[in-house]
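Enquirer:
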Amino acid sequence: MTKEKTSSVYKIKIVILIILSILILLFLLNIFVYLPKLIFLLLTFGLTIILKKHRQFLKDWLLFLSIIYLSDTLRGVTYYLICKFQLPVYCLYVIKLEKALFGTIPSVLLQNLLLNGQEIGYLEKFLTVLHGTHFIAFLLVGFCLWLRNEHCFEKFKCSFYLLLVGGLSSYFSIPTAPPWLASEMFHLIPPLRHFNLEIYNMYIPDLTSGFNTDPVAAMPSLHAAFPFLCCLLIWKVMKQKRWIFYLYTLLIFFTIIYTGDHYIIDILAGIILATLSFIGGNIIQKNLSKRIINPQHQSQQKNIEHL
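Residue numbers (the numbering used here): 14 to 320.
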């Protein structure tokens with residue numbers, strides 16, 4: 014890594030530590046804030062201006078960010094079409110699988126053990142804050158990869174394109190109700206408390222209307238797929254520091270089960286989708302690299318022959 018890149022990464026670490034310190038302080042003061050993708054991206058762009066890399070950032074990120082925002086819109090369109098054409102919403106198949114594998118619904122088991130009718134405590138608040146980071150954590154990983162390695166960032170983008178296509182296709186073809194909805198609306202499983210929604214509405218009213226655009230998008234879990242794909246992408250890049258993100262990913266898995274947002278089957282499906290997207294992203298990135306390198310090589314050969 015060049016001295017310039019090392020300096021850039023060092024500055025990023027300082028900024029991340031400052032942001033984390035502020036968020037921890039706010040949490041201890043019982044103050045909840047939500048950092049939307051747009052604000053995060055504006056902060057990131059400001060940082061690239063300081064690093065004098067803003068033109069390259071726009072060139073490398075503009076299409077990717079446009080597709081990310083388009084996918085958010087398409088989630089809402091998918092739910093609209095499901096309602097418009099009264100398409101079936103599934104939940105029995107995943108409930109049966111969950112019970113066959115675990116003998117119970119893990120979300121119900123966890124809430125009976127840890128919540129059990131008690132008031133929302135610091136654990137639930139902490140997990141809700143963690144739940145909210147899903148929307149920006151993968152962008153932060155992508156930004157770090159962009160600073161470190163151009164080829165890894167191209168692989169990052171290709172993999173996420175495939176992941177989004179697979180996820181949105183599944184949401185339309187197999188719309189699946191999450192545990193909390195199967196409990197509250199269909200009464201197919203014992204009562205579940207969707208406490209993260211309660212906390213969002215308590216501290217940041219109407220926030221959920223901005224990102225909960227498709228409530229029947231449980232299968233596969235993109236909450237699981239996004240961080241797991243990031244884990245695969247940083248395996249050879251981050252070295253020892255990757256374990257911090259792996260711990261974060263495990264906590265996200267625990268969170269989305271405890272909140273009733275996903276079944277374990279959804280998480281497994283998300284992991285499979287992320288793995289396939291990672292493999293596909295590798296293949297696409299390698300083919301693109303060959304197409305770029307070969308014309309350059311041919312051009313050099315022609316120049317040599319001409320001489």
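The beta-carbon is built from N, C-alpha and C at its ideal position, and this holds for glycine as well.
Using the rule of at least 16 other Cβ atoms within 10 Å of the residue's Cβ for burial, across every protein chain shown, is H310 buried or exposed?
Expert: Numbered from 1 along the sequence shown, position 297 holds the residue referred to as residue 310. Because H310 carries a pLDDT of 48, less than 50, the predicted location of this residue cannot be relied on, and the following value inherits that uncertainty. It counts as exposed.
Enquirer: Mark R332 as exposed unless 16 or more other C-beta atoms lie within 10 angstroms of its C-beta, in which case mark it buried.
Expert: With the chain running from 14 to 320 in the structure shown, residue 332 is simply not present.
Enquirer: Cβ-heavy atom distance between K138 and the ligand MN below 7 Å?
Expert: Inclusion of the ligand MN in the displayed structure is not the case, the ligand content being empty and no account of it being possible.
Enquirer: Which class does T268 belong to by DSSP, given the choice of helix, strand or coil?
Expert: Position 255 of the sequence shown, counting from 1, holds the residue named residue 268. Note: T268 maps to helix in three-state DSSP.
Enquirer: Using alpha carbons as the reference points, say which of F156, T288, L264, M251 lies closest to P233.
Expert: In the sequence shown, the residue the question calls residue 233 occupies position 220. Out of F156, T288, L264, M251, T288 has the C-alpha closest to the C-alpha of P233.
Enquirer: Can you check DSSP and say which residues form a bridge with Y103?
Expert: In the sequence shown, the residue the question calls residue 103 occupies position 90. Answer is T189.
Enquirer: Report back the beta-carbon spacing between Y261 and P240 to the nearest angstrom; my notes put them in contact at under 8 Å.
Expert: By 1-based counting over the sequence shown, the position of residue 261 is 248. By 1-based counting over the sequence shown, the position of residue 240 is 227. The C-beta distance from Y261 to P240 rounds to 7 Å, short enough to meet the 8 Å contact threshold.
Enquirer: Have a look at P203, E137, F258, G89 and flag the residue whose alpha-carbon is nearest the alpha-carbon of T117.
Expert: As a position in the sequence shown, residue 117 is number 104, starting the count at 1. For T117, the nearest C-alpha among the options comes from P203.
Enquirer: Of the choices L140, L30, L301, G59, whose alpha-carbon is the least far from that of Y213?
Expert: Residue 213 sits at position 200 when you count from the first residue of the sequence shown. Among L140, L30, L301, G59, the Cα nearest to that of Y213 is on L140.
Enquirer: Taking DSSP's pairing of strands, which residues face A230 in a bridge?
Expert: For this step, residue 230 is matched to residue 217 along the sequence shown. DSSP, once it has assigned bridges, lists T189 as partnering A230.
Enquirer: Find out if the Cβ-Cβ distance for the pair E111, I285 is shorter than 8 Å.
Expert: Against the sequence shown, residue 111 aligns to sequence position 98. Against the sequence shown, residue 285 aligns to sequence position 272. Cβ atoms of E111 and I285: not closer than 8 Å.
Enquirer: Hey, would you say F291 sits closer than 8 Å to L242, going by beta carbons?
Expert: Stepping through the sequence shown from its first residue, residue 291 is reached at position 278. Stepping through the sequence shown from its first residue, residue 242 is reached at position 229. For F291 and L242, yes; Cβs fall inside 8 Å.
Enquirer: Taking the C-alpha atoms as reference points, what is the distance between D85 and H236?
Expert: As a working mapping, residue 85 is identified with position 72 in the sequence shown. As a working mapping, residue 236 is identified with position 223 in the sequence shown. Answer to the nearest angstrom: the Cα atoms are 14 Å apart.
Enquirer: Below 8 Å on the Cβ atoms is my contact criterion, and I expect L246 with K168 to pass it. Report the Cβ-Cβ distance as a whole number of Å.
Expert: Taking the sequence shown and counting its residues from 1, the one referred to as residue 246 is at position 233. Taking the sequence shown and counting its residues from 1, the one referred to as residue 168 is at position 155. Going by Cβ atoms, the distance from L246 to K168 rounds to 7 Å, so yes, they are a contact pair.
Enquirer: Out of N300, H147, T226, point me to the one whose CA is closest to A238's CA.
Expert: Residue 238 sits at position 225 when you count from the first residue of the sequence shown. Considering only alpha carbons, the answer is H147.
Enquirer: Answer yes or no: do L158 and F166 have a C-beta to C-beta separation smaller than 8 Å?
Expert: Indexing the sequence shown from 1 puts residue 158 at position 145. Indexing the sequence shown from 1 puts residue 166 at position 153. Yes, Cβ-Cβ distance for L158 and F166 is below 8 Å.
Enquirer: Shortest alpha-carbon distance to F58 belongs to which of L152, W256, G294, L194?
Expert: What you label residue 58 is simply residue 45 of the sequence shown in a count that begins at 1. Closest by alpha carbon: L152.
Enquirer: For N300, collect the residues of the same chain with a Cβ closer than 8 Å to its Cβ; drop the 5 residues on either side in sequence, then sort them by chain order.
Expert: Position 287 of the sequence shown, counted from the first residue, corresponds to residue 300. Around N300: no qualifying Cβ.
Enquirer: By a C-beta neighbour count over all protein chains shown, 10 Å radius and 16 as the cutoff for buried, is F70 buried or exposed?
Expert: Position 57 of the sequence shown, counted from the start, is the residue given in the question as residue 70. Under this definition F70 is a buried residue.
Enquirer: Would you tell me roughly how many angstroms separate the C-alpha atoms of H164 and Q298, rounded to the nearest one?
Expert: As a working note, residue 164 is residue 151 in the sequence shown. As a working note, residue 298 is residue 285 in the sequence shown. Cα-Cα distance, rounded: 8 Å.
Enquirer: Starting from the Cα of F173, find the closest Cα among S120, I265, Y82, H144 and give me that residue.
Expert: Taking the sequence shown and counting its residues from 1, the one referred to as residue 173 is at position 160. It is Y82.
Enquirer: Apart from the five residues just before and just after L281, which ones in its own chain have a Cβ nearer than 7 Å to its Cβ?
Expert: The sequence position of residue 281 within the sequence shown is 268, counting from 1. The answer is none, since no qualifying residue turns up.
Enquirer: Evaluate the contact criterion for the segment 175-190 versus the segment 250-257: three or more CB pairs, one atom per stretch, below 8 Å.
Expert: no
Enquirer: To test your reading of the DSSP string, which unbroken alpha helix (DSSP H) runs of 4 or more residues are found completely within the segment 110-162?
Expert: Counting only runs of 4 or more, we get 119-127, 135-145, 147-161.
Enquirer: Tell me the residue span of the alpha helix (DSSP H) that contains Y92.
Expert: As a first step, residue 92 must be located in the sequence shown, where it is residue number 79. Residues 67-97.
Enquirer: Going by Cα to Cα distance, which pick from G293, L30, I62 is closest to G179?
Expert: To locate residue 179, count along the sequence shown from 1; it is residue 166. Of G293, L30, I62, the residue nearest in Cα terms is G293.
Enquirer: Helix, strand or coil, according to DSSP, for H164 in the structure here?
Expert: Counting from 1 along the sequence shown, the entry for residue 164 is found at position 151. The answer is helix: DSSP assigns H164 an H, G or I state.
Enquirer: Smallest Cα separation from V107: which of N295, F156, P191?
Expert: In the sequence shown, the residue the question calls residue 107 occupies position 94. Among N295, F156, P191, the Cα nearest to that of V107 is on P191.
Enquirer: If you follow the alpha helix (DSSP H) that I62 is in, where does it begin and where does it stop?
Expert: Start at 1 with the first residue of the sequence shown, and residue 62 comes out as number 49. First-last of the alpha helix (DSSP H) with I62: 50-63.
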